[in-house]
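> First residue of the sequence shown: 136, per my numbering; consecutive thereafter.
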Amino acid sequence: QAVKKAKTKQEKQQEIRLRLVRLLESKKSDLTSQWLAETRDEFDINYKMDHKTLLHEICSNDNSSFYLFLPVVVSMFSNEIDWTLTDANGKTPLLCAKEKQNQVVLEVLTHFGAHVSGDENKMDELDKYLSEDELQELKASMPNVSENKSKFHVL
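Here you go:
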């Protein structure tokens, strides 16, 4: 009789993450919410698989079942999320959403406190590459986190 081997922490993280993604792909948001609630205490929201966290996966996905599930994820893990984690390309979840030009995701992320920079503040480094006018234009186009917090409500 085979003895069932205990799963390592990494294997457990992968199992939870893969099941969440499969449920989202099949547009089963009720089952996804249930699975996330059941595994809440075991799941590390900042766990990287293939150099991406679950937030990177959600924010760079065109499938609406992914990004419409985002408020559930960020509200459930709001205190644990490391907004500065980057993927293999050096992008935060917010920058992934910005690339996709997904206003829903951008609003949710900024509402919950995502920052525009990857590290402490990459905006300060841009003066090496942009003119003063370009830098001011870029800063003016960035979402204002405190302004969005008062305008956006998660139901």
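Each residue gets a CB set at the ideal place from its N, CA and C atoms; glycine is no exception.
1) Which residue's Cα is closest to the Cα of E177: L244, K162, E150 and S200?
2) Rank N198, K144, T188 and G225 by C-alpha distance to the C-alpha of L158 and give the top, closest one.
3) Report all residues from its chain with a CB closer than 6 Å to the CB of L166; omit the five preceding and five following residues, and keep chain order.
4) Rounded to the nearest angstrom, what separates L153 and E267 at their Cα positions?
5) In the DSSP assignment, find the unbroken alpha helix (DSSP H) run with D222 in it and report its ends.
6) Quick test of your reading: K156 and L205, contact by CB under 8 Å. State the CB separation rounded to the nearest angstrom.
7) Just to confirm before moving on: does the CB-CB distance between S195 and C231 stay below 8 Å?
8) Are there 16 or more other CB atoms within 10 angstroms of the CB of H186, so buried, or fewer, so exposed?
9) Output the distance between the C-alpha atoms of E272 and T245, rounded to the nearest integer angstrom.
10) Determine the direct distance from the alpha carbon of T227 to that of T219, and round the result to whole angstroms.
11) Let me check understanding here. Comparing Cα to Cα, which of N181, V207, M184 and L203 lies closest to W170?
12) Compare the C-alpha of E146 against each of Y182, S164, S168 and K162 and name the closest.
13) Which same chain residues, not among the five before or five after E255, have their C-beta less than 7 Å away from its C-beta?
14) Only counting the same chain, and skipping five residues up and downstream in sequence, which positions put a Cβ closer than 7 Å to that of S168?
Let me spell this out:
1) Checking every option, the nearest Cα to that of E177 belongs to E150.
2) N198
3) L158
4) 45 Å
5) In this chain, D222 is not harboured by any alpha helix (DSSP H), its DSSP state being neither H nor E.
6) First, the amino acid is wrong: residue 156 is Val here, not Lys. About 14 Å separates the two Cβ atoms, so there is no contact after all.
7) S195 places its beta carbon less than 8 Å from that of C231.
8) That one is exposed.
9) 19 Å
10) Using only the alpha carbons, I get a separation of about 6 Å.
11) Relative to W170, the option among N181, V207, M184 and L203 whose CA is nearest is V207.
12) Y182
13) Legend: pLDDT at E255 = 44, less than 50; position of this residue unreliable, no value from coordinates given.
14) V207
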